[in-house]
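The structure appears below as structure tokens.
Numbering (the UniProt record's numbering), first residue to last: 1 to 215.
See the structure below:
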């Protein structure tokens, strides 16, 4: 599902493919494309794969009985290599699943259900991330605060306590560095997830619009 996630995120971000990315020269006479919204984070290939597998596992576990939006989405992805035109692909996918009992109403209804699944998963993710931050960083923040207060008190008698202040400052800076590194990792993972979550939600919303327009 990493490719599908990347495509979904294309609704929000432009991916930097690196220095080897060969882009066609721009024709100055061609119209300027509309600006894309800036995402809160950019996912690399490893993160795309991780979050793609996350949503695939989530949807597999929550998959509703019978053909629904999840099967529709997967078949759309499979047929993309064979049917380039999106409208034709939507019609072909729906026709194939309609044989199994899928209706337009059920397709839209289950698409909205998967949006609710994403919302619930996001809430659980943010709760877990918050608890993890409190557990892994909270005490370190208290340690830094204590060291800062300790340093301020001993600054008044700096001549007698120079060594102690120096030791406290070193410990404080080490803790700050550790906090910055750990918080950076947690924030990147959180922002990466939120970007992926927003992209998947938007992809489904976009599909709903296309389904309602084209079917």
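Ideal placement from N, C-alpha and C gives every residue a C-beta, glycine not left out.
Within this structure, are the beta carbons of residue 106 and residue 68 separated by less than 9 Å? yes
Considering only their Cβ atoms, is the gap separating residue 75 from residue 96 smaller than 9 Å? yes
Rounding to the nearest angstrom, what Cα-Cα distance links residue 39 and residue 195 in this structure? Only weak support exists for where residue 39 lies, its pLDDT of 44 falling under 50; the value from the coordinates is given anyway. If you take the alpha carbons of residue 39 and residue 195, they lie about 7 Å apart.
Under 8 Å by Cβ, that's how I've got residue 89 and residue 102 pegged, so tell me the actual separation to the nearest angstrom. Not confirmed; about 15 Å, so no contact.
Put residue 80 into one of helix, strand or coil per three-state DSSP. coil
Please confirm whether residue 179 and residue 140 have their CB atoms less than 9 Å apart. yes
Along the chain, where does the alpha helix (DSSP H) containing residue 86 start, and where does it finish? 86 to 98
Helix, strand or coil for residue 175, going by three-state DSSP, please let me know. helix
When burial is assigned at 16 or more other CB atoms within 10 Å of the CB, is residue 207 buried or exposed? buried
Taking its Cβ as the centre, do 16 or more other Cβ atoms sit within 10 Å of residue 26, making it buried, or is it exposed? At residue 26 the pLDDT is 44, less than 50, meaning the model places this residue with poor confidence; the figure from the coordinates comes in the next sentence. Exposed, since its Cβ has fewer than 16 Cβ neighbours within 10 Å.
With residue 92 and residue 83 assumed to form a contact (beta carbons below 8 Å), what rounded beta-carbon distance in angstroms separates them? 6 Å
Exposed or buried, what is residue 152 when buried is set at 16 or more other beta-carbons lying within 10 Å of its beta-carbon? exposed
Please say whether residue 137 and residue 186 have beta carbons closer to each other than 9 Å? yes
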